[in-house]
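Have a look at the structure below, then the notes.
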Amino acid sequence: DAGVTQSPTHLIKTRGQHVTLRCSPISGHKSVSWYQQVLGQGPQFIFQYYEKEERGRGNFPDRFSARQFPNYSSELNVNALLLGDSALYLCASSSSTVGGAATNTEAFFGQGTRLTVV
Amino acid sequence: AQSVTQLDSHVSVSEGTPVLLRCNYSSSYSPSLFWYVQHPNKGLQLLLKYTSAATLVKGINGFEAEFKKSETSFHLTKPSAHMSDAAEYFCVVSPSGGYNKLIFGAGTRLAVHP
């Protein structure tokens, strides 16, 4: 069975550009969350989507946006890239069924997209 | 607000010796706590989860953690380290009680020497 897949694996962008990162959840999983992991730090929560609706948002500027598609895959978009946006971006999926809220179903993480802004 | 503090950024042990990775948490109510491991070029993997059912939680690969409310701690231990345990370990708290919107500590890098 395929796990959570993210694309691309690596990406280099210039300051001011826009980037789109993609995530395909495990088959049957309807909840997708995005995290940013800056080098030397733990991951930080950015967004959670469930059934195509945003269910949670972390402390990130409006340059960060996301969406979820009918097949439950998701995109994370970042506009006007800054050097500080360089990080590993992780996607996690789970089979949340209670409105995407508190659930005991495990979240599975992808290997991430390494974004470098120069 | 909930948070976790990992007390050591790096821990180095010899193969076959015990492992202790320390974590303190801050929460105004009974938290849900996790330990995750991150191997190089691999996704985060859940080691174990505490949800108030039992204070001693057993996880995968011989790891376990003990929840101590009086000390606000959730330390991760393993009796005997293996070379394959070398990785980054994260203590995590969940405001919602589930696996969404997780709050990660800064991580502890475990090195295992022959």
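So the sequence lines, in the order shown, correspond to chains G and B.
Under my numbering, the first residue of the first sequence is numbered 1, with each subsequent residue one higher.
Under my numbering, the first residue of the second sequence is numbered 119, with each subsequent residue one higher.
No residue lacks a Cβ here, since even glycine has one placed at the ideal position from N, Cα and C.
Since the model is a prediction, treat every value here as computed from it, not as a measurement.
Where does residue i fall in DSSP's three states?
i	result
G/Gly56	strand
B/Ser212	strand
G/Val117	strand
B/Ile178	helix
G/Leu21	strand
G/Leu39	coil
G/Leu90	strand
G/Ala102	Low local confidence applies: a pLDDT of 49 at G/Ala102 is under 50, so the model's placement there is unreliable, with the coordinate-based value given in what follows. Coil at G/Ala102, not helix or strand.
G/Leu81	coil
G/Ser74	strand
B/Ser202	helix
Can you tell me the Cβ-Cβ gap for residue i and residue j, rounded? I've got them flagged as a contact below 8 Å.
i	j	result
B/Ser130	B/Ala229	4 Å
G/Asn77	G/His10	At roughly 18 Å, the Cβ-Cβ gap does not stay under 8 Å, so G/Asn77 and G/His10 are not in contact.
G/Tyr72	G/Pro25	5 Å
G/Arg57	G/Tyr49	About 10 Å separates the two Cβ atoms, so there is no contact after all.
Should residue i be flagged as near chain G, meaning a C-beta pair shorter than 8 Å?
i	result
B/Tyr217	yes
B/Ala119	no
B/Leu220	yes
B/Gly134	no
B/Ala284	Nothing about residue 284 of chain B can be reported from this structure: the residues present for chain B run from 119 to 232 only.
Examine chain B for any beta-carbon lying closer than 8 Å to the beta-carbon of residue i, and answer yes or no.
i	result
G/Pro43	yes
G/Ser31	yes
G/Leu39	no
G/Gln36	no
Quickly, what does DSSP pair residue i with across the bridge? List them, please.
i	result
B/Ser130	B/Ala229
B/Glu184	B/Leu174, B/His193
If you measure beta-carbon to beta-carbon, which residues of the stretch 155 to 182 of chain B are closer than 9 Å to chain C?
Annotation note: the requested chain C is absent from the structure, which comprises protein chains G and B.
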